[in-house]
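2 protein chains.
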Amino acid sequence: MGRWEPNACGRLAQAALELFGERGYEQTTVAEIAKRAGLTERTYFRHYADKCEVMFGKSGVLQEQFVTAVAEAPQSMAPIDAVAAGLEAVAQAFADRREYRQRQAVIAANAELQERELTKYASMSAAIADALRRRGVAEPSATLTAEAGIAVFKVGFQLWLSASEEREISQVMRESLDELKAVTARGVPG
Amino acid sequence: MGRWEPNACGRLAQAALELFGERGYEQTTVAEIAKRAGLTERTYFRHYADKCEVMFGKSGVLQEQFVTAVAEAPQSMAPIDAVAAGLEAVAQAFADRREYRQRQAVIAANAELQERELTKYASMSAAIADALRRRGVAEPSATLTAEAGIAVFKVGFQLWLSASEEREISQVMRESLDELKAVTARGVPG
DNA sequence: AGTCCGATGACAGTGACTGACATCAGTGGT
DNA sequence: ACCACTGATGTCAGTCACTGTCATCGGACT
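Take a look at the structure:
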């Protein structure tokens, strides 16, 4: 038993999510997470760099999907439209809201987790900017377009999660992007 | 001597900046910072919540200036122009680049400090969105406009710091905002 | 059976951060 | 001058995140 049970990472992530939900992030020790997963504290830190990281296991996959979609968008597409393609691509990965709601509730309850989430978004933004640069987009346009895309993603994701009625996330993302385009439109009304 | 020396906060901030620059953030202990400031570790934590915070003393002032400018912009102004007024206002606060270059070099050298910097930006963004809402801007426009403003600030600040020739920061901010407007412009070229 | 390797356990240690209590400097009242 | 009061500081013990090191175990391969 114990040793050599498969999927140690997943068990740790599951245990952490449960415990953070039950008692809160700060009231949970890493030793407790490891114990619930049938492992030791030392082994926890061999799978996750710190106490936060266990909540962000899938963020790498998301980033990769986004970047790939941006990179593979037709060269004729404007940068902002390549980013839109990236948003469309990642939207496919989000299915049932329940999971994400539970997860976001845990993150919303703790400043340390929110801080780490911002880092993940920043990492995505940097990776997207990089993909845009490889498409020939110059600075500072690449960084600004990537930041705009992440802003749309953040807002769209939040809207999708908190909406009372179930909606298509890709639809929400498109609307959010349109909203951004509207508020940054050149002409000053009035 | 020792006790009751004035400006404990400032001495701690100065000591921290020096030590982080000399040996690096991770190679510096809070006890060492406190000692150089003529204080104890315990007193450090009475002035700053954690080891990072000592680097971000002035961020609150910056946020207040930005928010005030947004709030006081003429009601006839579009949201994005109120944010532009905020950018203009904070630009006044940045004088010599040397200070900021040293500071940003320290931050760039450590992930924990970068993470905290993102939190400060997020706090500014939330405060700006709040000011926009008080101007009657609805969601998600308020959040998107605020995020766009922060993106412009980040990019503009970076450009200003890294430019080879000395330039007016308010000018750089205006150009960055124009660039954002350009990349988010509706029409797809080609 | 013997050998090797990667994942885990055990243990000691550092440093960030906190709670509780004592102590000191300056202030104001008498 | 004396004394109470307040707020900033020092002291000390303790928790917990995180790390380095070495022993140990399970499985694969020969």
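Listed in order, the protein sequences are those of chains A and B. full-length UniProt numbering puts the last residue of the first sequence at 190; the count rises by one with no breaks. full-length UniProt numbering puts the last residue of the second sequence at 190; the count rises by one with no breaks. From the three backbone atoms N, C-alpha and C, an ideal C-beta is built for every residue, glycine too. All values derive from a computational prediction rather than experimental measurement.
Leaving out the 5 sequence neighbours to the left and right, which residues in its chain are closer than 7 Å to residue i when beta-carbon positions are compared?
i: B:Met-1; result: Only weak support is given to the placement of B:Met-1: the predicted model assigns it a pLDDT of 43, under 50, and the question is left unresolved by the model.
i: A:Ala-31; result: Glu-41
i: A:Arg-101; result: Leu-161
i: B:Tyr-44; result: Leu-12, Val-30, Ile-33 and Ala-34
i: A:Thr-28; result: Leu-19 and Phe-20
i: B:Val-152; result: Leu-87, Met-173, Ser-176, Leu-177 and Leu-180
i: A:Ser-123; result: Gln-63
i: B:Phe-66; result: Gly-86, Ala-89, Val-90, Met-124 and Ile-128
Using a Cβ-Cβ cut-off of 6 Å (strictly less than) and excluding sequence neighbours within five positions of residue i, which residues of its own chain qualify?
i: A:Cys-9; result: His-47
i: B:Ala-182; result: none
i: B:Ala-142; result: Ala-129, Leu-132 and Arg-133
i: A:Gly-190; result: Residue placement at A:Gly-190 is flagged as unreliable, the pLDDT there being 42, under the threshold of 50; the coordinate-derived value follows with that caveat. Around A:Gly-190: no qualifying Cβ.
i: A:Ile-169; result: Ala-91, Phe-94 and Trp-160
i: B:Gly-57; result: Ala-13
With distance defined between alpha-carbon atoms, name the residue in the options nearest to residue i.
i: B:Ala-85; options: B:Val-183, B:Glu-179, B:Ala-185 and B:Met-173; result: B:Met-173
i: B:Arg-130; options: B:Arg-101, B:Ala-93, B:Pro-79 and B:Arg-116; result: The sequence as given places Asp at residue 130 of chain B; Arg does not occur at that position. The option with the nearest alpha carbon to B:Asp-130 is B:Pro-79.
i: A:Ser-125; options: A:Ile-107, A:Ala-108, A:Thr-145 and A:Thr-28; result: A:Thr-145
i: B:Val-90; options: B:Thr-29, B:Gly-60 and B:Ala-108; result: B:Gly-60
i: B:Val-70; options: B:Val-30, B:Glu-88 and B:Arg-167; result: B:Glu-88
i: A:Pro-6; options: A:Phe-94, A:Gly-38, A:Thr-184 and A:Glu-53; result: A:Gly-38
i: A:Tyr-121; options: A:Ala-138, A:Arg-97 and A:Ala-148; result: A:Ala-148
i: B:Cys-52; options: B:Gln-114, B:Leu-177, B:Glu-18 and B:Glu-139; result: B:Gln-114
i: A:Ala-108; options: A:Ala-49, A:Gln-14, A:Gln-171 and A:Met-55; result: A:Met-55
i: A:Phe-157; options: A:Met-77, A:Glu-64, A:Ser-123 and A:Gln-104; result: A:Gln-104
i: B:Ala-127; options: B:Gly-57, B:Ser-76 and B:Thr-68; result: B:Thr-68
i: B:Glu-26; options: B:Glu-139, B:Arg-98 and B:Val-106; result: B:Val-106
i: B:Ala-49; options: A:Glu-112, A:Arg-98 and A:Glu-99; result: A:Glu-112
i: A:Arg-167; options: A:Ile-150, A:Arg-97, A:Glu-139 and A:Ala-138; result: A:Arg-97
With a threshold of 16 other CB atoms inside 10 Å of the CB of residue i, please say whether the residue is buried or exposed.
i: A:Lys-154; result: buried
i: A:Gly-136; result: exposed
i: A:Ser-164; result: exposed
i: B:Ala-82; result: buried
i: B:Trp-4; result: exposed
i: residue 195 of chain A; result: For chain A, the structure presents residues 1 to 190; residue 195 of chain A sits outside this window and is missing.
i: A:Gly-24; result: exposed
i: B:Ala-73; result: buried
i: B:Arg-116; result: buried
i: B:Ala-95; result: exposed
i: A:Ser-176; result: buried
i: A:Thr-184; result: buried
i: A:Ala-16; result: buried
i: A:Gln-63; result: buried
What does residue i reach in chain B if we use C-beta pairs closer than 7 Å?
i: A:Ile-107; result: Per Cβ cutoff of 7 Å: no residues; A:Ile-107 is ~13 Å from chain B at best.
Taking residue i as the query, report the chain A residues whose CB atoms sit under 7 Å from its CB, ordered along the chain.
i: B:Ile-80; result: Val-183 and Thr-184
i: B:Ala-93; result: What B:Ala-93 touches in chain A: nothing, since even the nearest Cβ is about 21 Å away.
In chain B, which residues lie less than 8 Å from residue i when you measure between Cβ atoms?
i: A:Ser-141; result: Glu-179, Ala-182 and Val-183
i: A:Trp-144; result: A small fix is needed here, since residue 144 of chain A is Leu in this sequence, not Trp. Residues of chain B passing the Cβ test: Ala-151, Val-152, Val-155, Ser-176, Glu-179, Leu-180 and Val-183.
i: A:Glu-72; result: By Cβ distance, chain B contributes nothing, its closest Cβ being about 18 Å from A:Glu-72, past 8 Å.
Check the Cβ of residue i against every Cβ in chain B and list those closer than 9 Å, keeping chain order.
i: A:Glu-147; result: Glu-147, Ala-148, Ile-150, Ala-151, Val-152, Lys-154, Val-155 and Leu-180
Leaving out five residues on either side along the sequence, give the residues of the same chain with a beta carbon under 8 Å from the beta carbon of residue i.
i: B:Gln-14; result: Ala-37
i: B:Ser-76; result: none
Shorter than 8 Å, the distance from the beta carbon of residue i to the closest heavy atom of the ligand ZN, or not?
i: B:Ala-49; result: Only the bare structure without any ligand can be found here, which leaves the ligand ZN out of the picture.
Chain B contacts made by the segment 155–181 of chain A, where a contact means CB separation under 7 Å: Val-155, Leu-159, Ser-176, Glu-179, Leu-180 and Lys-181
Contact residues within the UniProt domain "HTH tetR-type" (6–66) of chain A, judged by C-beta distance below 9 Å to chain B: none
Residues, ordered as in the chain, of the segment 107–122 of chain A that lie near chain B by beta-carbon distance below 9 Å: Ala-111, Gln-114, Glu-115, Arg-116, Leu-118, Thr-119, Tyr-121 and Ala-122
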